[in-house]
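In UniProt numbering, the protein residues as written are 1 to 339.
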């Protein structure tokens, strides 16, 4: 074990350092580019916009591991016999190489950075596990408080608060409070259920949980903006699906949103407030005016997007061309820290 640690401990430290370096670089690029990209995102239909914002929120986390794999690509190709080993051509710095792992002291600056770098994903994993546990606990409690309404395909919760939501991560369940069920017309109730069913189909709770943890690697102000914009896009996407469910009646969807908002504003959370974490309803919140305005505006026509395959091929070619420069740049930075 000690021999293995001595041989590959330096390589592990180098890998952690490279991952942290890539995450910081991607986070900085995202912060600088988002003001310009936001204008582009605003013109994209909400369904696609939510997907794009999710990828953007996760980009420092996922991109750092992707660039780490790229920086190790020459070593992996040499190990597989598909490329020549070039480490002997650069003896002046440590190598990201499985054949020639770097020897780095345990008391080095790189060691301290590696420990700090490992703490971040471990903390994110712990937060993720806690979020999953809370979601499971919430659904279990809601199931005990509710009964199944087979006519509407929802669980009716014994609450006086006007609430409707999809709860659960893997297979979300739909819940409607008895108060909301009693106060809405059949058409309005159909809108609410269609909206929440859209959240369940889109797996929005799971996406939001993943994004909330992945976005910790962004700057705090950008993280808050991304999560808020992603939540808004998800709500608008579900509003659009609810409108399609009602035969394109966007006015009814807008009226239903306003009515549920008024019901919630009139409700005084006394006994039921401790049952669910607030906010709990996808149908109320500070984004209501924007959602209503989007519904009252003329719907965007079908967008004609060109084939994305040439762009993907160009991006892949760019990544392949980036392999060697990225590999050597990372090794040079490692050498600077070690020496």
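Using N, Cα and C, we set each Cβ at its ideal position, and we do this for glycine too.
Give me, in chain order, the residues of the same chain whose beta-carbon lies closer than 7 Å to that of residue 22; leave out the 5 immediate sequence neighbours on both sides. As a first step, residue 22 is located in the chain shown; it is residue number 22 there, counting from the start. Contacts found: 63, 64, 67, 68.
Distance check for residue 334 and residue 18, CA to CA, integer angstroms please. What you label residue 18 is simply residue 18 of the chain shown in a count that begins at 1. What you label residue 334 is simply residue 334 of the chain shown in a count that begins at 1. Each residue's Cα considered, the two are about 8 Å apart.
To the nearest angstrom, report how far apart residue 152 and residue 203 are at their CA atoms. In the chain shown, the residue the question calls residue 152 occupies position 152. In the chain shown, the residue the question calls residue 203 occupies position 203. Looking at the two C-alpha atoms, the distance is approximately 20 Å.
Roughly how many angstroms separate the alpha carbons of residue 74 and residue 209, rounded to a whole number? Sequence index remark: in the chain shown, residue 74 carries index 74 (1-based). Sequence index remark: in the chain shown, residue 209 carries index 209 (1-based). Spanning the two alpha carbons is a distance of roughly 35 Å.
Would the segment 228-241 count as touching the segment 258-267 if we require 3 or more Cβ pairs under 8 Å? Result no; under three Cβ-Cβ pairs closer than 8 Å.
Which stretch, first to last residue, makes up the beta strand (DSSP E) that contains residue 149? Within the chain shown, residue 149 is the residue found at index 149, counting from 1. Note, residue 149: beta strand (DSSP E), 146-149.
Please report the straight-line C-alpha distance between residue 192 and residue 71, rounded to a whole angstrom. Translated into positions along the chain shown, residue 192 becomes position 192. Translated into positions along the chain shown, residue 71 becomes position 71. Roughly 49 Å separates the two Cα atoms.
Could you name the residues of the same chain whose beta carbon sits closer than 7 Å to that of residue 59, not counting the 5 residues immediately before and after it, in chain order? By one-based count along the chain shown, residue 59 stands at place 59. Within the same chain, residue 59 has close Cβ partners 26, 30.
With H, G and I counted as helix, E and B as strand and the rest as coil, what does DSSP make of residue 154? The count along the chain shown starts at 1 and reaches residue 154 at position 154. In the three-state DSSP reduction, residue 154 falls in the strand class (E or B).
Can you give the beta carbon distance from residue 162 to residue 142, rounded, assuming they're within the 8 Å contact cut? Position 162 of the chain shown, counted from the first residue, corresponds to residue 162. Position 142 of the chain shown, counted from the first residue, corresponds to residue 142. 16 Å between Cβ atoms; not a contact.
Residue 176 - containing beta strand (DSSP E), residue span: Position 176 of the chain shown, counted from the first residue, corresponds to residue 176. Note, residue 176: beta strand (DSSP E), 173-177.
Considering only residues of the same chain and omitting the five flanking positions on each side of residue 236, which have a CB-CB separation below 7 Å? To locate residue 236, count along the chain shown from 1; it is residue 236. Excluding residues within five positions, the ones whose Cβ falls inside 7 Å are 46, 291, 294.
Nonlocal neighbours in the same chain, by C-beta distance under 6 Å from residue 196, ignoring five residues either side: The residue you call residue 196 lines up with position 196 of the chain shown. Answer for residue 196: 164, 166, 174, listed in chain order.
Span separating the alpha-carbon of residue 79 from that of residue 85: Against the chain shown, residue 79 aligns to sequence position 79. Against the chain shown, residue 85 aligns to sequence position 85. Computed Cα separation, rounded: 8 Å.
Which residues DSSP lists as bridging residue 165, in chain order: Your numbering for residue 165 matches position 165 in the chain shown. Paired residues: 175.
Quick check on residue 51: does DSSP put it in helix, strand or coil? Here the question's residue 51 lines up with position 51 in the chain shown. Looking at residue 51 - three-state DSSP - the assignment turns out to be helix.
Leaving aside the five residues before and after residue 340 along the sequence, list all residues of the same chain whose C-beta is less than 8 Å from its C-beta, in chain order. Shown here, the chain extends from 1 to 339; a query on residue 340 therefore has no answer.
Helix, strand or coil for residue 246? Go by DSSP, reduced to three states. In the chain shown, the residue the question calls residue 246 occupies position 246. Residue 246 falls in the coil class under three-state DSSP.
Given this structure, state the Cα-to-Cα distance separating residue 218 from residue 28, to the nearest angstrom. Working through the chain shown from its first residue, we reach residue 218 at position 218. Working through the chain shown from its first residue, we reach residue 28 at position 28. Each residue's alpha carbon lies about 8 Å from the other.
Using the Cα positions of residue 51 and residue 83, report the straight-line distance between them to the nearest angstrom. Within the chain shown, numbered from 1, the residue matching residue 51 stands at position 51. Within the chain shown, numbered from 1, the residue matching residue 83 stands at position 83. Cα to Cα, the separation comes out at about 37 Å.
Can you give the Cα-Cα distance for residue 127 and residue 213, rounded to whole angstroms? Taking the first residue of the chain shown as 1, we reach residue 127 at position 127. Taking the first residue of the chain shown as 1, we reach residue 213 at position 213. Taking the straight line joining both Cα atoms gives about 8 Å.
Cβ pair count under 8 Å reaching 3, the segment 255-265 against the segment 312-324: no
By how many angstroms is the C-alpha of residue 101 removed from the C-alpha of residue 10? Against the chain shown, residue 10 aligns to sequence position 10. Against the chain shown, residue 101 aligns to sequence position 101. Whole-angstrom Cα-Cα distance: 7 Å.
Nearest to residue 159 (by Cα), restricted to the options 169, 172, 168, 144: Start at 1 with the first residue of the chain shown, and residue 159 comes out as number 159. Across the set 169, 172, 168, 144, the C-alpha of 144 shows the shortest separation from the C-alpha of residue 159.
Proximal residues to residue 263 (C-beta, below 8 Å), its chain only, five neighbours per side dropped: The sequence position of residue 263 within the chain shown is 263, counting from 1. Answer for residue 263: 162, 179, 180, 183, listed in chain order.
If we ignore side chains and look at the alpha-carbon of each, how far apart do residue 321 and residue 136 end up? Position 321 of the chain shown holds residue 321. Position 136 of the chain shown holds residue 136. For residue 321 and residue 136, the distance between alpha carbons rounds to 45 Å.
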